[in-house]
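Residue numbers for the sequence shown follow this note's numbering, so the first one is 1080 and each next one is one higher. So the structure is just underneath, and the comments pick up after that.
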Amino acid sequence: MAEDVKTLEDNFRQQNKSCFVLGASGETGRVLLQELLERNIFSKITLIGRRRLTFEDKAYENVVQEVVDFEKDDHAAAKAGSELNTENPINHFKGGFIRVDHDYVLKSAELAKAGGCTQFHLESSKGADKTSSFLYLKVKGQVEADIEALGFDRFSIYRPAVLLVDRQESRPAEWLARKVLGGFSFVSPTAMSIPIQAVAKAMVSNTLLQPEQKTEILENKAIYTLGKGAGK
Ligand SMILES: NC(=O)c1ccc[n+]([C@@H]2O[C@H](COP(=O)([O-])OP(=O)(O)OC[C@H]3O[C@@H](n4cnc5c(N)ncnc54)[C@H](OP(=O)(O)O)[C@@H]3O)[C@@H](O)[C@H]2O)c1
């Protein structure tokens, strides 16, 4: 398997492709960027985010950064988000969530498609479903469906369960869930959680493959298996 991955990486590298990463300052994005740099399969990596990031390590010196004011580029100020009365604090939260997790992602995908990008890889969530009555799962499912409608040559959706990560930012509820699920993951590694490194490795490894379908969905177990196969 390790040999196969190496051959796939060599072949991919020769195609001289470039990629962009949205959310490289986030937990998954940070590890994904490390993985992309280590495996060196793209000739150019561009980070797109709302702020410039600082890197000390020399490995990051060729990474290009584009700072974008997502609010300014806010198309349809959120199809769904703008329909909410945002004076209500709960709706304000909901509107913000929809803007970031749906509208900014969709807008980025639209721009990427218009700019000739052929593949889009989306970290969604376990249980994503546009018909769900839970806002979180509904928004995740909706953005999946809206990006699929853009017609990328390839659209890969990753649906991880709870991410196991030592988060830099403090989120107490997530911390507690991780402590509980972290222990549980020894017994059943993919039932309810996944290490963030497995997600990042799977995303990079999957990029090397050529699926039969234009749109593919990788559920938690498939992500884990692919991430584990990438080794190290
Ligand atoms: N946490 C979990 O257990 C879990 C489970 C399944 C799926 N997911 C999903 O997986 C994805 C990645 O999760 P994560 O925990 O790795 O992400 P994260 O650490 O929360 O990072 C979020 C990223 O989004 C950016 N962002 C947030 N608000 C923004 C705004 N208003 N404008 C522009 N950029 C903004 C952040 O930039 P700044 O650094 O500038 O704030 C950061 O790069 C998310 O879509 C999440 O919903 C998470």
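We put the CB at the ideal spot given by N, CA and C, even for glycine.
Residue nearest to residue 1204 within the set 1099, 1272, 1086 is 1272 (criterion: CA-CA distance). Three or more pairs of CB atoms, one per stretch, sit closer than 8 Å, so the stretch 1227–1239 contacts the stretch 1284–1299.
In the three-state scheme derived from DSSP, where H, G and I count as helix and E and B as strand, residue 1203 is classed as coil. Look at residue 1099 here: in three-state DSSP terms it is strand.
Counting of Cβ neighbours within 10 angstroms places residue 1121 among the buried residues, the total reaching 16 or more.
DSSP links residue 1234 through a beta bridge to 1199, 1294. When 1118, 1127, 1091, 1117 are compared, the shortest CA-CA separation from residue 1102 is found for 1127. Between residue 1226 and residue 1201, the CB-CB gap stays under 8 Å.
Not one heavy atom of ligand 1 sits closer than 7 Å to the Cβ of residue 1139. For residue 1272, the secondary structure class from DSSP, reduced to helix, strand or coil, is strand. Straight through space, the alpha carbons of residue 1221 and residue 1186 are spaced by roughly 13 Å.
If you draw a 10 Å sphere on the C-beta of residue 1117, you find fewer than 16 other C-beta atoms in it, and that means exposed. Proximity of the beta carbon of residue 1172 to ligand 1 is not indicated: no heavy atom of the ligand is located closer than 7 Å.
Non-local beta-carbon contacts of residue 1147 in its own chain, meaning distances under 8 Å to residues more than five positions away in sequence, involve 1127, 1128, 1129 in chain order.
Short note on residue 1183: C-beta closer than 7 Å to some heavy atom of ligand 1. Of the candidates 1108, 1091, 1098, 1086, the residue whose Cα lies closest to the Cα of residue 1280 is 1108. In this structure residue 1218 is buried. Its beta-carbon is surrounded by 16 or more other beta-carbon atoms within 10 angstroms.
For residue 1241, the enclosing beta strand (DSSP E) begins and ends at 1241–1243. Nearest to residue 1150 by alpha-carbon distance, out of 1134, 1119, 1131, 1182, is 1182.
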